[in-house]
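Trainee: Residue numbers (my numbering), protein chains in the order written: chain R, 1 to 269; chain U, 270 to 538; chain C, 539 to 807; chain E, 808 to 1076.
Ideal Cβ positions, reconstructed from N, Cα and C, are used throughout, including at glycine.
Owing to the predicted nature of the structure, the values given are computational and were not obtained by experimental measurement.
This is the structure, below, for whatever I ask next.
Number of protein chains: 4
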Amino acid sequence: MEKEQLFDVFAQRRVYDLEQPRYAGAPIFPSHAPGFVYTLHRRHEPDQGEARTGASGMIYAAEHSGTHIDALSHQAENLSLYGGRKVTPQIQTSTGFTELGVETIEPIFSRGVLLDVARYRGVDCIEADQPVTREDLEATSQQQEVTIGQGDVVLIHTGNATRWKEPAVYLAGVGVSAGASQWLADRQVQAVGADNVAWDIVGVIDPDLNVTLPGHVILLVRHGIYIIENLFLEDLARDRAYEFLFVCLPLKIQGGTGSPVRPIAVVRT
Amino acid sequence: MEKEQLFDVFAQRRVYDLEQPRYAGAPIFPSHAPGFVYTLHRRHEPDQGEARTGASGMIYAAEHSGTHIDALSHQAENLSLYGGRKVTPQIQTSTGFTELGVETIEPIFSRGVLLDVARYRGVDCIEADQPVTREDLEATSQQQEVTIGQGDVVLIHTGNATRWKEPAVYLAGVGVSAGASQWLADRQVQAVGADNVAWDIVGVIDPDLNVTLPGHVILLVRHGIYIIENLFLEDLARDRAYEFLFVCLPLKIQGGTGSPVRPIAVVRT
Amino acid sequence: MEKEQLFDVFAQRRVYDLEQPRYAGAPIFPSHAPGFVYTLHRRHEPDQGEARTGASGMIYAAEHSGTHIDALSHQAENLSLYGGRKVTPQIQTSTGFTELGVETIEPIFSRGVLLDVARYRGVDCIEADQPVTREDLEATSQQQEVTIGQGDVVLIHTGNATRWKEPAVYLAGVGVSAGASQWLADRQVQAVGADNVAWDIVGVIDPDLNVTLPGHVILLVRHGIYIIENLFLEDLARDRAYEFLFVCLPLKIQGGTGSPVRPIAVVRT
Amino acid sequence: MEKEQLFDVFAQRRVYDLEQPRYAGAPIFPSHAPGFVYTLHRRHEPDQGEARTGASGMIYAAEHSGTHIDALSHQAENLSLYGGRKVTPQIQTSTGFTELGVETIEPIFSRGVLLDVARYRGVDCIEADQPVTREDLEATSQQQEVTIGQGDVVLIHTGNATRWKEPAVYLAGVGVSAGASQWLADRQVQAVGADNVAWDIVGVIDPDLNVTLPGHVILLVRHGIYIIENLFLEDLARDRAYEFLFVCLPLKIQGGTGSPVRPIAVVRT
């Protein structure tokens, strides 16, 4: 295939937007309150001295607000980060991390796979007390006839994204079990994501790891696998688009523990 | 080509990262001071009650800080936005725009073209008093044997990106003339970008349009063409990668006049 | 009285703290959401290279959050500020006002009077549907045997401050009628204040002035009288401390439309 | 003296404003960058539906920006705060301190003393390499014929406040030596203040305490004495107002390590 034909590959394509809208009052994990605020201070207004005017504003936001990716610096186990790096004041500073910050995440431009566990379960939205298990992932991938390969990005559809406009309901959405996280880690994926606020089941101590949010330890700390949260996966699920080109471009916030992102899934049509 | 071969297309690829690093003290247009600030408030620290700890911070930033895209709401001419929409309090509110906000920009996944005007001029970095003209664009595209098509994203390399670490020098970098902006608008491109702070020449009133930053009027207001600023184009220029898949995913900041972005250029190798 | 005796005057004194505590989640008028946020980024932590360590944080706040004073620039009537100044882009800028900003408020160090309307009404807390009227103020001042003089600061106790911990209840608290505001304006007071979020009755259009928050027009715009909101007046009311030295020191936020404050009332004992 | 005469005491008074103006770009200690930012988002503008309009903005600021007071939680020595409290995650949290936060500072309404060391030295502004020593304080108080008593607030005039508009020059201003801090601590003062950015000499390790900013350890950590920084003392010094009623009302920022303040000095005339 010649270089000049490069763009033809995607001439017939569909781009799925996987970001939830970003505004004040959107669902936010309590640790990251108030989430996201945007205020407009420069305005288009008369008598500015010329015909052209500019408007702009200021953002105040947690880097973990809305649809976002977790950097490896976000989590530690026994005060060690991924790769066994000890947390020290040299690494963890008042303005961010000098290692494993979100700016170290390369642009993600990879094979993506959607596992529609809600559909496998036969529901629109999985209830909160029915966590996504390793067995769900195995059965769903079999049902969908997809295999998970090294370097893939795996997204789990629970149906929770439809509740974005009801923050309390959304935040109480179902999570992914430690076993399911381990199953994905074993497959050496590059990143995982789901349509909930924290990937994991919230507020429960895992009996094996003896921590809350065990998937954060398994994926980020032990295996260096990124987690993407608050994804909008409804259109992908509706169209049964289970394999796609997944693109996610975290902002290079120097030392940040995450970044708001607008991931997309691209398929040819 | 079968669907399962989709990812093979880019199996041999190179991804160019076009975002400048994002940190406090980076070059910022005075209207958008202080630019970008990130502070870490949640820390990994001992005695948190479990082995797992989380760290995270807060961002305070102008949406026009660092590498960013301008939404159509960002600019007006005689108090009209793109498409002739009059600026009213219903459209322009204290928390952003109800029309033409940055959330209305679709994910950009398009043919991109780099015009290396610096190379055409035979310099590493074009001096500030030598603006990029229509003639530069015509001659450069001829020299590079590329054509600009409808819907393309056109990036202009001036060499200024290498000065990012010296804010005063960077901010004084060269701009693009009104004639060059018009030439691009005539070609019905989707978006333009450059490796400087404001696309246009800063601080000069255009004699024809009688405004400062005339390209902002021509492109955003009159033609609905997005502008991407503060791009890092050095690697693309070095590799003479003049045509590529260009991906830019603005955050859906509801009502925002722009968004920080991390654009990429992708070529097959 | 000799100068050296100056401090003896207040040697036997009681200082009443009239500020509500300031924290995220405190009651906030919707226009000023999210109100107040404080995050600690610099920490005391080991291995900082010396025995001394410093901790500090960042504030993100509306200037009208918590106990605060309204500057004259805060309100306009028919786009005129106090003194008939027209609102222009020269006066009203993206970073504040060039006239009548909060930095123009002199330190307030004046006679203060508490009108305990709740006590006059015989209730702990006045219900929301029973606004404070001109008659209330007249009768309360008679009952308390206090006169209101030019330059005084008049504080109105409704009992609402006790509901600070229940934001929804607090925000629905009772307001002061336009007639009562006019009565105070006629007495040429320097400032007024109350233990509610907006001085006025919220959400009602005044039939005479045909505006919401009519007291804001009468006091700030027409008479140049400052309004202090979200005061804590319970201790003053309990002790029937109806006359006092009132001290309020607004921060000189250049161009600001208000300032968080910690007013005090001082009486000799 | 009867209660009703209370306000007569200060009927003939002069109030000195000791706060520097507060705006973006004012001098700021590097740890607290960007200092202070205020942006106006709600505007007076036509067509708002009623004659009344409101304008307001958002503050983003370090609590140690501009004229401010340091709370006891601001400093630690060997990870102990004032009173020997160990720094633990229970006390030091991501949103501030649960003990010794700035909200625990009572309103300061006390005898104040100005020591005009610049005048004693015979200069308008003391040079940076001539720190204020214990001997300066002793000699100045003798020259001024004032004694420092327990509970006083002592302010030191160096003349540096006149350089506020030149941040780099201001920040390089002279500091107070460890010996002078100890002399004040020995007198059991309630608070100290000066017209410089950090009270102490900046950037030097004290040979005795082996720390930078030794006064911060001596005053805040060892003696529980508050420090007020960036005071404007020129008017007091010019009028030789060496004794006064000092009022400083820190905002009750729950858990904060300091607060912006507008202190005043009041004298009878």
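1. Kindly indicate the opening and closing residues of the beta strand (DSSP E) around Tyr-60 of chain R.
2. Looking at the structure shown, is Glu-540 of chain C part of a helix, part of a strand, or coil, going by DSSP?
3. Which residues share a DSSP beta bridge with Ala-729 of chain C?
4. Mind checking if Ile-1060 of chain E is an interface residue toward chain U, Cβ cutoff 9 Å exclusive?
5. Within the stretch 595-671 of chain C, note down every full beta strand (DSSP E) run reaching 3 residues or more, in order along the chain.
6. Contact between the stretch 984-992 of chain E and the stretch 1014-1030 of chain E: three or more CB pairs below 8 Å?
7. So what's Ile-1025 of chain E in DSSP terms, helix, strand or just coil?
8. Quick check on Ser-259 of chain R: does DSSP put it in helix, strand or coil?
9. Below 9 Å on C-beta distance, what does Tyr-867 of chain E contact in chain R?
10. Consult DSSP for Tyr-708 of chain C and reduce its assignment to one of helix, strand or coil.
11. On the criterion of 16 or more Cβ atoms from any shown chain inside 10 Å, does Gln-523 of chain U qualify as buried, or is it exposed?
12. Should Tyr-1077 of chain E and Val-996 of chain E be called a contact, given that it needs their Cβ atoms to be closer than 9 Å?
13. Would you verify that the beta carbon of Gln-48 of chain R is, or is not, closer than 9 Å to some beta carbon of chain C?
14. With three or more C-beta pairs closer than 8 Å as the rule, is the stretch 853-872 of chain E touching the stretch 1007-1016 of chain E?
15. In chain E, which residues lie less than 8 Å from His-695 of chain C when you measure between Cβ atoms?
16. Give me the chain E residues within the contact set of Val-749 of chain C, using Cβ-Cβ distance strictly less than 8 Å, ordered along the chain.
17. To which residues of the same chain is Ile-417 of chain U closer than 7 Å at the C-beta, ignoring the five residues directly before and after it?
18. Using the Cα positions of Gly-622 of chain C and Gln-361 of chain U, report the straight-line distance between them to the nearest angstrom.
19. Compute the distance between the beta-carbons of Pro-938 of chain E and Ile-1008 of chain E, then report whether it is under 9 Å.
20. Run through DSSP, which three-state label would Leu-287 of chain U get?
21. Hey, does Ala-992 of chain E have any beta-carbon neighbour from chain C nearer than 9 Å?
22. Identify every residue that forms a DSSP beta bridge with Thr-700 of chain C.
23. Roughly how many angstroms separate the alpha carbons of Thr-373 of chain U and Lys-521 of chain U, rounded to a whole number?
24. Who are the near neighbours of Leu-617 of chain C in its chain, counting only those whose CB is closer than 6 Å to its CB and skipping five residues on each side?
25. Indicate whether at least one CB of chain R lies closer than 9 Å to the CB of Ile-474 of chain U.
26. Quick one: what's Phe-298 of chain U bridged to in DSSP?
27. Please name the residue or residues paired with Leu-578 of chain C in a DSSP beta bridge.
28. Rounded to whole angstroms, what is the Cα-Cα separation between Leu-233 of chain R and Cys-248 of chain R?
29. Please return the same chain residues whose Cβ sits closer than 7 Å to the Cβ of Glu-396 of chain U, not counting the five positions on each side in sequence.
30. Mind checking if Glu-166 of chain R is an interface residue toward chain E, Cβ cutoff 9 Å exclusive?
31. Kindly examine the ligand FAD and report whether one of its heavy atoms sits closer than 8 Å to the Cβ of Ile-1034 of chain E.
32. Over what stretch of residues does the alpha helix (DSSP H) that includes Arg-507 of chain U continue unbroken?
33. Inspect the CB distances between the stretch 854-863 of chain E and the stretch 825-834 of chain E and report whether three or more fall short of 8 Å.
34. Once you ignore the five residues that flank Ala-1048 of chain E on each side, which residues in its own chain have a CB closer than 7 Å to its CB?
35. So, does the CB of Arg-701 of chain C fall closer than 9 Å to a CB anywhere in chain R?
36. Using alpha carbons as the reference points, say which of E:Leu-1043, E:Gly-1063, E:Ser-917 and E:Ser-984 lies closest to Ala-549 of chain C.
Mentor: So, to answer that:
1. Per DSSP, Tyr-60 of chain R belongs to the beta strand (DSSP E) from 56-62.
2. Confidence at Glu-540 of chain C is low in this model, with a pLDDT of 42, below 50, so its placement is unreliable and no value can be given for it.
3. When beta bridges are read from the DSSP output, Ala-729 of chain C appears opposite C:Val-691 and C:Tyr-764.
4. Cβ-Cβ to chain U under 9 Å: no for Ile-1060 of chain E.
5. 606-608, 613-615 and 646-654, all fully within the stretch 595-671 of chain C.
6. Touching, yes, given that three or more Cβ pairs across the two stretches are closer than 8 Å.
7. Reduced to three states, the DSSP call for Ile-1025 of chain E is helix.
8. The three-state secondary structure of Ser-259 of chain R, taken from DSSP, is strand.
9. Within 9 Å Cβ-Cβ: Met-58 and Tyr-60.
10. Reduced to three states, the DSSP call for Tyr-708 of chain C is helix.
11. By the 10 Å Cβ count, Gln-523 of chain U comes out buried.
12. A query on residue 1077 of chain E cannot be resolved here, the shown segment of chain E reaching from 808 to 1076 and no further.
13. It does; some Cβ of chain C falls within 9 Å.
14. Contact between the stretch 1007-1016 of chain E and the stretch 853-872 of chain E is absent: fewer than 3 CB-CB pairs across the two stretches fall below 8 Å.
15. Close to His-695 of chain C, with beta-carbon spacing below 8 Å, lies no residue of chain E; the smallest spacing is near 19 Å.
16. Neighbours of Val-749 of chain C across chain E, judged by C-beta separation under 8 Å: Glu-857, Ala-858 and Arg-859.
17. Beyond the five residues adjoining it in sequence on each side, Ile-417 of chain U comes within less than 7 Å, by CB distance, of Val-382, Ser-410, Val-423, Arg-456 and Val-458 in the same chain, given in chain order.
18. Between the alpha carbons of Gly-622 of chain C and Gln-361 of chain U lies a distance of about 26 Å.
19. Taking 9 Å as the cut-off, the beta carbon of Pro-938 of chain E is found closer than this to the beta carbon of Ile-1008 of chain E.
20. Coil.
21. Between Ala-992 of chain E and chain C, the shortest Cβ-Cβ separation is not below 9 Å.
22. Its beta-bridge partners do not exist; DSSP assigns none.
23. A straight-line Cα-Cα distance of about 7 Å links Thr-373 of chain U and Lys-521 of chain U.
24. Same-chain partners within the cutoff: Val-625.
25. So, interface residue.
26. According to DSSP, which records beta bridges pairwise, Phe-298 of chain U is partnered with nothing at all.
27. For Leu-578 of chain C, which the question treats as bridged, DSSP gives the partners C:Gly-595.
28. Going by C-alpha positions, Leu-233 of chain R is about 14 Å away from Cys-248 of chain R.
29. Counting only Cβ-Cβ distances below 7 Å, and skipping sequence neighbours, we find Val-443.
30. Not one chain E Cβ lies under 9 Å of Glu-166 of chain R.
31. Ligands in the displayed structure: none, and consequently the ligand FAD is not present.
32. Counting along the chain, Arg-507 of chain U sits inside the alpha helix (DSSP H) bounded by residues 503-507.
33. Touching, no.
34. Answer for Ala-1048 of chain E: Tyr-823, Leu-921, Ala-1072 and Val-1074, listed in chain order.
35. Any Cβ of chain R closer than 9 Å to the Cβ of Arg-701 of chain C would place that residue at the interface, and such an atom is absent.
36. When each option's Cα is compared against that of Ala-549 of chain C, the closest is E:Ser-917.
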